[in-house]
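Undergrad: In UniProt numbering, the protein residues as written are 1 to 164.
For each residue, glycine too, the CB sits at the ideal point set by N, CA and C.
For clarity, every value in this text was computed on a predicted model and none was experimentally measured.
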């Protein structure tokens, strides 16, 4: 006899986001990969998908329309599960992740990724915290690389002007 999952017959939202500047996949491929993983997860858990939110935008942008729409719906909807492939799909901004965390707790929303279910145990909560720090570190590192690239470009332009 198959063991019944505690999430079976519950409803979920799916959230998928693709960053704008990633070069490895097209927008469609990246979103399709996420959707495939998340639909598989929903099927395995016996959860029905009530709405899908998809965006192609920076994880540092807190005002993404689909994310904001989903967060607002979580406050009033009877859908209390969100599926995403990783925490950095929701945000790469550490303070905003903390706000999302509070919203999830306040509204008793469960966040599931293919790797863990947030709020299920101390270990899953620790994974959330670590993922939040990694999202922040990635964002900081990306910012440093961009600034260094801009600085090098200005230096090259200054050298070019001097040699002309």
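#1: Does the contact criterion of 3 or more C-beta pairs under 8 Å hold for the segment 100-108 versus the segment 29-45?
#2: Going by DSSP in three states, residue 1 sits in which element: helix, strand or coil?
#3: So which of 152, 137, 120 and 14 has the shortest CA-CA distance to residue 48?
#4: Can you check which of these residues, 147, 63, 45 and 153, is closest to residue 5 by C-alpha distance?
#5: Going by DSSP, what residue range makes up the beta strand (DSSP E) through residue 54?
#6: For the alpha helix (DSSP H) containing residue 80, name the first residue and the last one.
#7: Among the candidates 77, 161, 53 and 115, whose CA atom is the shortest distance from the CA of residue 109?
#8: Give a yes or no on whether the C-beta atoms belonging to residue 190 and residue 59 are separated by under 8 Å.
#9: Report yes if the C-beta distance between residue 83 and residue 112 is below 8 Å; otherwise report no.
#10: Return the bridge partner residues of residue 11 from the DSSP annotation.
#11: Whole angstroms are fine: how far does the CA of residue 141 sit from the CA of residue 1?
#12: Just how far apart, CA to CA, sit residue 65 and residue 159?
#13: Tell me, which residues are paired with residue 117 by DSSP?
#14: With a threshold of 16 other CB atoms inside 10 Å of the CB of residue 53, please say whether the residue is buried or exposed.
#15: What first and last residue would you give for the alpha helix (DSSP H) that runs through residue 19?
#16: Ordered along the chain, which non-local residues of its own chain (more than five positions away) have a Cβ less than 7 Å from that of residue 18?
TA: With the given structure in hand:
#1: Contact between the segment 100-108 and the segment 29-45 is absent, because fewer than three Cβ pairs lie under 8 Å.
#2: With a pLDDT of only 44 at residue 1, under 50, the local geometry of the prediction cannot be trusted, and no value is derived from it.
#3: If we check each option's Cα against that of residue 48, 14 comes out closest.
#4: Taking each of 147, 63, 45 and 153 in turn and checking the Cα distance to residue 5, the smallest one comes out for 45.
#5: From DSSP, the beta strand (DSSP E) with residue 54 extends over 48-56.
#6: Note, residue 80: premise wrong, no alpha helix (DSSP H); not H, not E.
#7: Looking at the Cα atoms, 77 is the closest of the given residues.
#8: In the structure as shown, the chain starts at 1 and stops at 164, and residue 190 therefore has no counterpart that could be examined.
#9: The answer is yes: Cβ separation under 8 Å.
#10: Partner(s): 48.
#11: The pLDDT assigned to residue 1 is 44, lower than 50, so where the model puts this residue is not dependable, and the model offers no usable value.
#12: Going from the Cα of residue 65 to the Cα of residue 159 covers about 43 Å.
#13: Bridge partners of residue 117: 112.
#14: With 16 or more Cβ atoms within 10 Å of its Cβ, residue 53 is classed as buried.
#15: Residue 19 -> no alpha helix (DSSP H), and no H or E assigned at all.
#16: Sequence-distant partners of residue 18 (beyond 5 residues in either direction) whose C-beta falls short of 7 Å from its own C-beta, in its chain, are 27, 30, 31 and 56.
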